[in-house]
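Under the numbering used here, read the sequence shown as residues 60 to 549, first letter to last.
Report on the following structure.
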Amino acid sequence: MKDIQIIHQNPKKVLEDLSRGEVDAIEFAVDQVTDEFMIYGMRGGLIDKLSKGFPDPRREEEISTNLILIASMAGHFQDMYAISQSPYALHSPTLLAELGVNAKVLSEGEGISRRGTKEGAPFNGDTILKMVNRIDPHDFISWYNRDVGEAYLSLIDYKPTFHILDCTDLKVNLENENYEGSGIAKRKKKKNGKEIEEVVRGYKLGSLRSLLDDGGIITGMAFGSIEVHDLELCRELLKTTPMLRRGDTLIVDRGFIDGKTITYMKQKRNVDMIIPLRSDMIAYGDSLVTAYQNNNWEKHPNREGQEIQYIEHTGWMWEECKVQLNGCVVRYLKEGKDGSGGREDYEHIVFVSTNLNLTGKKMLATYDLRTEIEEDHKQWKEGMWDMTGFTSTNLRQILYHVICVILSYNLCQVYSNTENGEKHSKKTLRQHRRQQLRSHEVSMLVFSGDNYALFKAKHFVGYILRLPKEIQEGLLSFFPESFTVNSGFT
């Protein structure tokens, strides 16, 4: 950023000037739900760390990477998903003051780039678009997997030991072939109580979610077209992510069943995995045989009507898996059955783990972390953060949008795990926005020379009304010339 006029918050000096009618401008101020989260990230050094390794291709940074990332993240807090809209998210005086940027950019025609901007934003959105369109998609993902997770975790000095790997379909309009890098796949869904098959177009996002004391953050990602198999999409991430450390536990679903991968993760990375087996696997059938031979069932610790049984050496018939697996068989009655028919009366699930120290109950409790965070997970997978709110068919812009959603979501999650942010831990982004609308209070910004001050509107009006009449008349130039029903309420 060049040629930025830095002004300082100095209410005392501004009030003195205001009492004489000697101020430069009076503007409305609009603070956002963004502010508390973004300022926490900036003061904690998050934005600096994210910017340091960001694959910015520009030789000259008139608008810094820091400011671009802040604008992009703030935009996703405020429903501004088009990249060109991001600078408009920087209209909060509190946030601008924290950035050290002239708060007067709230007025149209002023900005921080050399050519300025004709809109009420600090810089033109084309700056971000031009930068994003020059970045290789692989560089985006490499940066994320190398730097992002560690940057967020360092904010709260936390080293997670439990992680969940998951894949999510990001669907787009099937008929629009212009979505660069998209693919087509068949998916099953329920309609009117029946399972049908549909054809979909889109992308697939692989996400490594590292669990915090409350919730979790996305510390690693993979991205590809929708038809790519989950394991193939995430194979490189599993091998290289620095977020999986020795002794950690990785929880995955059936889409990641692969004996060689389980062996690699245990032998090469010393990372344990917990995974449910497919019913067509030899190891699955063998586990059921062993369970019914032992017939040592006990009540499920958390789920009424279910029984469990711990089984050792569940993988001895799994040739591709070269490490020992222990497991836990879960059974529950089929509809209309009473158990008198024996094994055939039950539905079964078989979980296995490479951590041989886990009991059956502990294995299930650990795997259940997936379901405990599922509602929270939906915040970025579905509507609240609008992950698929793509405003372009350009692959680079789509990927940047996805990354910005996750960056903003991560910030919410990390801040909610701090003492100051604990009040946000049980709130969704939508709830934050609604609360802001309910409790929103209008403020006024007053500028005078190199100083500015932020006043609550009611206090500001009260102060103005107590000034001498001649001072009030001098301040009239900062307000509309006339007031009518039509002009005042539109």
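Positions of the beta carbon are idealized from the N, C-alpha and C atoms, including for glycine.
Inter-residue spacing [alpha-carbon to alpha-carbon] between residue i and residue j
i: E433; j: R337; result: 22 Å
i: T278; j: I334; result: 20 Å
i: G547; j: K71; result: With a pLDDT of 47 at G547, under the threshold of 50, the modelled position of that residue is not reliable, and the figure given next carries that caveat. Cα to Cα, the separation comes out at about 31 Å.
i: E379; j: I341; result: 12 Å
i: K177; j: F537; result: Since pLDDT at K177 reaches only 49, below the 50 mark, its modelled position is unreliable, and the value read off the structure follows with that caveat. Looking at the two C-alpha atoms, the distance is approximately 20 Å.
i: Y351; j: I276; result: 40 Å
i: L535; j: S131; result: 37 Å
i: D427; j: P146; result: 41 Å
i: T452; j: E291; result: 24 Å
i: H197; j: S284; result: 14 Å
i: I187; j: N361; result: 49 Å
i: G480; j: C471; result: 9 Å
i: I85; j: N510; result: 12 Å
i: D320; j: G103; result: For the record, residue 320 in the displayed sequence is Thr; it is not Asp. Spanning the two alpha carbons is a distance of roughly 37 Å.
i: D339; j: M376; result: 13 Å
i: L74; j: S266; result: 52 Å
i: S346; j: I316; result: 16 Å
i: V411; j: V330; result: 14 Å
i: S110; j: L126; result: 9 Å
i: N414; j: K420; result: 13 Å
i: T322; j: L149; result: 49 Å
i: D206; j: E121; result: 24 Å
i: I408; j: S399; result: 20 Å
i: I462; j: F113; result: 12 Å
i: E256; j: N232; result: 17 Å
i: F96; j: L513; result: 20 Å
Residue i classed as buried or exposed, judged by whether at least 16 other C-beta atoms fall within 10 angstroms
i: A516; result: exposed
i: H518; result: exposed
i: E167; result: Confidence at E167 is low in this model, with a pLDDT of 43, below 50, so its placement is unreliable and no value can be given for it.
i: S151; result: buried
i: V501; result: exposed
i: D307; result: buried
i: P301; result: exposed
i: N476; result: buried
i: V348; result: exposed
i: R174; result: Reliability fails at R174, whose pLDDT of 44 lies under 50, so the model's placement of it is uncertain and the value that follows must be treated cautiously. Classification of R174: exposed, given that the 10 Å Cβ count is below 16.
i: D138; result: exposed
i: P527; result: exposed
i: T418; result: exposed
i: V505; result: buried
i: E241; result: As written in the sequence, residue 241 is Ser, which differs from the Glu given in the question. Answer is buried; the Cβ neighbour count reaches 16.
i: G208; result: buried
i: L154; result: buried
i: V520; result: exposed
i: K325; result: buried
i: T220; result: exposed
i: R525; result: exposed
For residue i, the three-state DSSP class (helix, strand or coil)
i: C387; result: strand
i: V550; result: Outside the displayed range of the chain (60 to 549) lies residue 550, so it cannot be described from this structure.
i: I531; result: Reading off the sequence shown, one finds Gln at residue 531, where the question assumed Ile. Helix.
i: Y140; result: coil
i: H359; result: coil
i: R118; result: coil
i: S123; result: coil
i: M332; result: strand
i: H222; result: strand
i: F538; result: coil
i: E366; result: strand
i: Y405; result: strand
i: S269; result: strand
i: D397; result: coil
i: D198; result: helix
i: T452; result: coil
i: F182; result: coil
i: R260; result: strand
i: I255; result: strand
i: N192; result: coil
i: I276; result: strand
i: K327; result: coil
i: N354; result: coil
i: M503; result: strand
i: F514; result: strand
heavy atom of the ligand GTP below 6 Å from residue i C-beta
i: V191; result: What this structure holds is no ligand at all, so the ligand GTP is not there to describe.
CB-CB length for residue i against residue j, believed under 8 Å
i: M190; j: R117; result: 6 Å
i: V389; j: H359; result: 7 Å
i: Q225; j: R268; result: The identity of residue 225 in the sequence shown is Asp, whereas the question assumes Gln. Right, the Cβ-Cβ distance comes to about 7 Å (below 8 Å), so this counts as a contact.
i: K263; j: V287; result: 6 Å
i: Q383; j: G374; result: 7 Å
i: V36; j: K230; result: The structure shown does not extend to residue 36, since the chain is modelled only from 60 through 549, so no value can be given for it.
i: Y468; j: Y99; result: That belief does not hold up - the Cβ atoms of Y468 and Y99 are roughly 14 Å apart, past 8 Å.
Min CB distance residue i to chain D below 7 Å
i: K218; result: Looking for chain D here will not work: only one protein chain is present.
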